[in-house]
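Numbering (numbering that gives the first Met the number 0), first residue to last: 0 to 119.
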Amino acid sequence: MPGKGGWRAGGGTRSVVIARANGVAPVGLPPAPSWLSSSGKLEYRKLARELVASGIATRLDAVVVAAHADAVSRLMEATSALASSGPLMRGRDGLPVASPWVKLARDARVEVLRTAAELG
């Protein structure tokens, strides 16, 4: 299929996928995505440095690295909020209920572990 995209023999996404499958994909990651929070960008850069130095990260890993950095950022925020407010709050009826931060922290932790497993 001519034109831009992943079907050109000399370039595009398909050539990178083929290169990675053959073990010759270029090592390196693009800059942190603009949509990441400040703490997410810091985590992305830290992880990218470690993965690139190990020689195991390619541009194809950027989405997983960004997802991992975002999840770590959300986990840090939720954990910090729980540390200051505690795991319980008063419900509408005045009885103690779990803080919404508990679920946010749990969900972020699951995502951190899932993306970490994908990164190896």
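Even glycine gets a Cβ: it sits at the ideal position worked out from N, Cα and C.
As the structure is a prediction and not an experimental result, all values here were calculated from the model.
According to DSSP, is residue i helix, strand or coil?
i, result
"residue 95", "strand"
Taking DSSP's pairing of strands, which residues face residue i in a bridge?
i, result
"residue 87", "97"
Would you mind sorting residue i into buried or exposed? The rule is 16 or more other CB atoms within 10 Å of its CB.
i, result
"residue 87", "exposed"
"residue 39", "buried"
"residue 94", "exposed"
"residue 72", "buried"
"residue 69", "buried"
"residue 96", "exposed"
Taking just the CA atoms, how far does residue j sit from residue i?
i, j, result
"residue 62", "residue 26", "15 Å"
- Query: Of all the alpha helix (DSSP H) runs that stay within the bounds of the stretch 21 to 62, which reach a length of 4 or more residues?
  - Reply: 37 to 53
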